[in-house]
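Heads up: the structure comes next, in structure tokens.
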Amino acid sequence: MWFLKRFTDMSSQSSSIKYQSLTGSQSDEAEIKPLFLARSWVNWAAFPLLAIVALVMIFLAGRQSALKSYLNESHGLLVPPGTVHQVWEHNLTFSQRPTPESEAAWDSLIPVGRGFVHHPQLAPFVANIAVFHQLHCLHAIRVAYYTIHNDTSIDDGHLRHCFDYLRQALMCAADTNLEHVNRETRITTGWGSDKLCRDYGQVVDWAVQWANSSDTGIMNLLEMSSAHRVPLIIHGEEEAGESAFDVISPYTNKTCWTAASATPTDAIRAIESSERAFPAWSSTKPTVRRDILLKAADILESRLEQNAEFMRVEMGADVASSTGFVAPLGIKMLRDIACRITSVCGHVPVVEAEGQSAIVYREPMGVILGIVPWNAPYVFAIRAAACALAGGNTTVIKSSEQTPRCYYAVARAFLDAGLPAGCFNLVSTRPQDALVVVNTMIEHPAIRKVNFTGSTAVGRKVAALCGQNLKPCLMELGGKNNAIVCEDANLETAALAVLMGAFINSGQICMSTDRIILNSAIAQDFNIIFKKMFDGFFSELAPTIVSMAAKKRVSALICDALSAGAEVAHGVFNGDIESDPASVRMPPVVLGNVNESMRAWQEESFASFAAYMVVDSDDEAIRLANAGGYGLSAAVFTEDLRKGLAMAKKIQSGAVHINSMTVHDEPALPHGGVKNSGWGRFNTEEGVKEFLATKSVTWMD
Numbered sequence: 068m069w070f071l072k073r074f075t076d077m078s079s080q081s082s083s084i085k086y087q088s089l090t091g092s093q094s095d096e097a098e099i100k101p102l103f104l105a106r107s108w109v110n111w112a113a114f115p116l117l118a119i120v121a122l123v124m125i126f127l128a129g130r131q132s133a134l135k136s137y138l139n140e141s142h143g144l145l146v147p148p149g150t151v152h153q154v155w156e157h158n159l160t161f162s163q164r165p166t167p168e169s170e171a172a173w174d175s176l177i178p179v180g181r182g183f184v185h186h187p188q189l190a191p192f193v194a195n196i197a198v199f200h201q202l203h204c205l206h207a208i209r210v211a212y213y214t215i216h217n218d219t220s221i222d223d224g225h226l227r228h229c230f231d232y233l234r235q236a237l238m239c240a241a242d243t244n245l246e247h248v249n250r251e252t253r254i255t256t257g258w259g260s261d262k263l264c265r266d267y268g269q270v271v272d273w274a275v276q277w278a279n280s281s282d283t284g285i286m287n288l289l290e291m292s293s294a295h296r297v298p299l300i301i302h303g304e305e306e307a308g309e310s311a312f313d314v315i316s317p318y319t320n321k322t323c324w325t326a327a328s329a330t331p332t333d334a335i336r337a338i339e340s341s342e343r344a345f346p347a348w349s350s351t352k353p354t355v356r357r358d359i360l361l362k363a364a365d366i367l368e369s370r371l372e373q374n375a376e377f378m379r380v381e382m383g384a385d386v387a388s389s390t391g392f393v394a395p396l397g398i399k400m401l402r403d404i405a406c407r408i409t410s411v412c413g414h415v416p417v418v419e420a421e422g423q424s425a426i427v428y429r430e431p432m433g434v435i436l437g438i439v440p441w442n443a444p445y446v447f448a449i450r451a452a453a454c455a456l457a458g459g460n461t462t463v464i465k466s467s468e469q470t471p472r473c474y475y476a477v478a479r480a481f482l483d484a485g486l487p488a489g490c491f492n493l494v495s496t497r498p499q500d501a502l503v504v505v506n507t508m509i510e511h512p513a514i515r516k517v518n519f520t521g522s523t524a525v526g527r528k529v530a531a532l533c534g535q536n537l538k539p540c541l542m543e544l545g546g547k548n549n550a551i552v553c554e555d556a557n558l559e560t561a562a563l564a565v566l567m568g569a570f571i572n573s574g575q576i577c578m579s580t581d582r583i584i585l586n587s588a589i590a591q592d593f594n595i596i597f598k599k600m601f602d603g604f605f606s607e608l609a610p611t612i613v614s615m616a617a618k619k620r621v622s623a624l625i626c627d628a629l630s631a632g633a634e635v636a637h638g639v640f641n642g643d644i645e646s647d648p649a650s651v652r653m654p655p656v657v658l659g660n661v662n663e664s665m666r667a668w669q670e671e672s673f674a675s676f677a678a679y680m681v682v683d684s685d686d687e688a689i690r691l692a693n694a695g696g697y698g699l700s701a702a703v704f705t706e707d708l709r710k711g712l713a714m715a716k717k718i719q720s721g722a723v724h725i726n727s728m729t730v731h732d733e734p735a736l737p738h739g740g741v742k743n744s745g746w747g748r749f750n751t752e753e754g755v756k757e758f759l760a761t762k763s764v765t766w767m768d
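Okay, so the sequence shown: first residue is 68 according to this note's numbering, each after it adds one.
Here is the structure:
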């Protein structure tokens with residue numbers, strides 16, 4: 068790679084940067100040389116003998132030992148051999164909720180109390196998250212720079228990890244804002260004496276100066292990778308865009324990074340790029356398309372922890388939802404879709420006319436526009452892109468402004484797998500520009516179909532615009548999903564499934580259980596069992612919710628219900644909305660004593676919130692479930708399978724799960740809704756056929 072050669076070519080340069088010392092007064096200065104010229108008290112010109120001895124020792128110990136010694140003795144970050152990759156895989160840079168594994172990784176990497184120290188245990192002593200990142204960025208720059216420059220044994224995948232690690236560190240250095248730092252907060256851990264927070268600002272000054280130094284070559288990396296923001300991808304190239312918008316992490320309620328904001332012109336360029344790529348991709352052999360998609364799945368799997376961390380940072384997902392659910396599910400879906408490519412075929416009907424034969428082809432449509440939401444980015448990106456690509460179409464994905472880095476990670480994996488330029492273009496845009504950009508894309512004549520996943524309210528507008536332009540569309544919209552617990556249900560099974568279905572991913576799934584319908588014969592026993600599970604399920608720290616706007620909307624639904632006579636059956640709710648909280652969180656809550664007229668029963672909540680009603684019969688439960696406009700997913704709990712199947716037929720929903728939770732996304736099952744929950748299907752052969760046109764050809768024998 069050219070940037071590796073660039074680093075290698077500079078190995079003889081000895082430029083240095085001066086910066087204000089972090090351990091002395093502001094008038095003190097220290098000289099820092101590039102990492103490959105490790106600073107030492109030894110003057111090599113004056114002590115040649117010692118230099119020779121040192122070189123022999125370094126040769127015998129190996130390059131990694133030299134790095135370990137240098138960092139441990141001079142700068143406090145211990146990096147044992149082979150662990151730079153481990154640091155990346157845990158991606159501890161931005162994690163605000165360290166797992167036991169990440170704690171263990173840091174414990175093995177860092178001797179607490181030596182020089183600069185970045186460790187989860189340090190967080191309580193730091194004034195704010197900006198300072199926390201600054202403490203880290205110096206380490207990341209040195210470790211990643213050293214690895215890229217010196218370790219020629221690492222493979223390309225590892226090199227990309229180190230490269231991106233360096234890029235993130237420089238983003239921290241360049242983008243952090245010290246304006247709101249409490250300048251009187253002191254920190255003693257790892258310093259030996261108290262230092263005011265303003266001293267840490269020199270880390271940023273030094274890192275930015277170093278990044279812009281022509282001698283280090285790091286600026287070339289920044290230019291190549293759009294390091295200060297999540298880029299657009301147009302015709303295989305990453306573009307920083309003319310402007311950017313902030314991405315706010317619910318864990319900190321602060322900017323975690325920025326993302327390029329596409330203009331209508333950028334969107335048109337992306338569509339035209341996909342239009343140019345379509346003839347070649349549509350004529351590519353199915354086996355070649357299959358192998359590229361399977362390789363993309365392998366790449367995503369190798370980056371699973373990294374991608375899951377992006378999801379945790381951008382939308383506040385927990386480890387179970389990100390690492391254990393959404394990220395691996397997307398990979399499974401991609402492999403399933405890829406393996407169906409070679410089975411796409413038409414058929415040969417027997418026509419009525421004498422002496423005539425016919426054949427029915429299925430062929431790609433052209434450029435497909437995918438508009439996707441934030442809440443399960445790896446699933447939605449793969450459904451929207453892979454189903455289209457599998458059929459020989461090209462695609463432009465308009466990502467969510469709340470999870471742009473997750474969508475970038477998917478697009479990057481496809482390109483790294485060998486997908487030709489233009490087949491998968493990615494654009495993001497700031498919220499205030501989204502309407503004009505989306506309208507421009509839908510109206511473009513090259514767009515042959517639109518698939519949209521999101522709220523019913525926005526889906527109506529997208530569908531209306533598609534109708535005006537005579538564009539077919541696939542709509543996967545919102546849900547108000549019912550879990551019916553019958554008199555003969557296994558209450559332990561039902562309670563656990565309802566709990567998981569309602570609160571996994573903080574209830575921010577279109578299939579989440581919003582409404583619990585209990586038979587009166589078991590309602591009291593169910594609530595006793597459910598309460599025991601509920602009280603032991605959550606930690607003291609409330610789950611995150613994606614934004615303050617979402618929290619205010621759901622709180623309004625709950626307040627409205629409580630004022631109309633509803634009661635808090637499980638959990639707590641006080642209705643307080645902080646003006647500028649340290650993180651965006653909402654305690655889970657279940658309401659009882661609700662009725663059909665309440666907004667909390669009718670409107671999609673999309674949060675850690677559910678409500679229940681009690682009925683006297685299965686027929687009343689079905690009537691209640693079918694009342695309202697939604698029909699995405701439902702669950703029925705009964706020990707009588709025949710009764711469950713009979714009830715499933717009567718429930719107006721795209722899917723009904725017997726003795727299982729409403730959140731049930733399976734690669735082997737078509738996914739979609741009815742009524743106000745949309746139309747069309749993702750996944751399986753039905754998902755691939757959504758993006759194929761049917762052509763009949765006849766001839767006279």
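Cβ atoms here follow ideal geometry from the backbone N, Cα and C, with glycine treated the same way.
Among the candidates the options, whose CA atom is the shortest distance from the CA of residue i?
i                 : options                           : result
valine 681        : Ala590, Ala364 and Val741         : Ala590
serine 328        : Ile301, Thr319 and Ala344         : Ile301
asparagine 557    : Phe491, Ala609 and Thr705         : Thr705
proline 395       : Leu759, Val755 and Asp732         : Asp732
isoleucine 725    : Leu708, Pro734 and Val764         : Leu708
glycine 545       : Lys762, Glu306 and Asn743         : Asn743
proline 512       : Gly740, Ala715 and Arg336         : Arg336
leucine 691       : Ala722, Ser424 and Asn662         : Asn662
valine 314        : Met665, Glu468 and Leu699         : Glu468
arginine 652      : Leu658, Ile644 and Gly659         : Ile644
serine 622        : Ala677, Ile584, Thr520 and Tyr475 : Ala677
alanine 636       : Arg620, Val741, Asp602 and Pro610 : Asp602
alanine 616       : Met542, Glu634, Gly303 and Asn320 : Asn320
valine 703        : Ile404, Val565 and Ala452         : Val565
phenylalanine 312 : Ala501, Tyr428 and Tyr445         : Ala501
Would you list the one or two residues that DSSP bridges to residue i?
i              : result
tryptophan 441 : For tryptophan 441, which the question treats as bridged, DSSP gives no partner whatsoever.
glutamate 784  : The displayed coordinates of the chain run from 68 to 768. Any statement about residue 784 would go beyond what the structure contains.
cysteine 540   : Val517
glycine 659    : Glu634
valine 314     : Trp324
leucine 585    : Val552 and Val681
serine 763     : Val427
histidine 511  : None; histidine 511 has no bridge partner.
asparagine 43  : With the chain running from 68 to 768 in the structure shown, residue 43 is simply not present.
asparagine 492 : Val463
What's the gap between the Cα of residue i and the Cα of residue j?
i                 : j                 : result
methionine 382    : valine 494        : 19 Å
tyrosine 697      : leucine 624       : 18 Å
alanine 480       : arginine 748      : 25 Å
glycine 459       : tryptophan 348    : 6 Å
valine 393        : methionine 508    : 28 Å
histidine 714     : glutamate 554     : Going by the sequence as given, residue 714 is methionine instead of histidine. Looking at the two C-alpha atoms, the distance is approximately 14 Å.
leucine 608       : aspartate 627     : 25 Å
alanine 667       : lysine 717        : 24 Å
alanine 375       : tyrosine 318      : 15 Å
serine 684        : asparagine 586    : 7 Å
isoleucine 398    : phenylalanine 593 : 36 Å
leucine 532       : serine 310        : 27 Å
leucine 736       : tryptophan 746    : 15 Å
phenylalanine 570 : arginine 472      : 24 Å
asparagine 506    : aspartate 333     : 13 Å
glutamine 575     : valine 386        : 15 Å
Could you round the C-beta distance between residue i and residue j to whole angstroms and report it? I think they count as a contact, below 8 Å.
i           : j              : result
leucine 367 : threonine 390  : 13 Å between Cβ atoms; not a contact.
leucine 436 : methionine 578 : Not quite, the Cβ-Cβ distance comes to about 24 Å (not below 8 Å), so this is no contact.
valine 755  : isoleucine 426 : Between isoleucine 426 and valine 755 the Cβ distance is about 19 Å, and since that is not below 8 Å, they are no contact.
valine 439  : valine 463     : About 11 Å; that fails the 8 Å criterion.
alanine 363 : alanine 484    : 4 Å
alanine 694 : methionine 665 : Actually they do not touch by this definition, with Cβ atoms about 12 Å apart.
Please list the segments of the beta strand (DSSP E) lying wholly inside the stretch 700-728, counting only runs of 3 or more residues, in order along the chain. 700-704 and 722-725
Residue ranges of each beta strand (DSSP E) within the stretch 419-485, 3 or longer: 423-431, 434-438 and 461-465
Go through the stretch 723-759 residue by residue and report every complete run of the alpha helix (DSSP H) that reaches 4 residues or more, in order. 751-756
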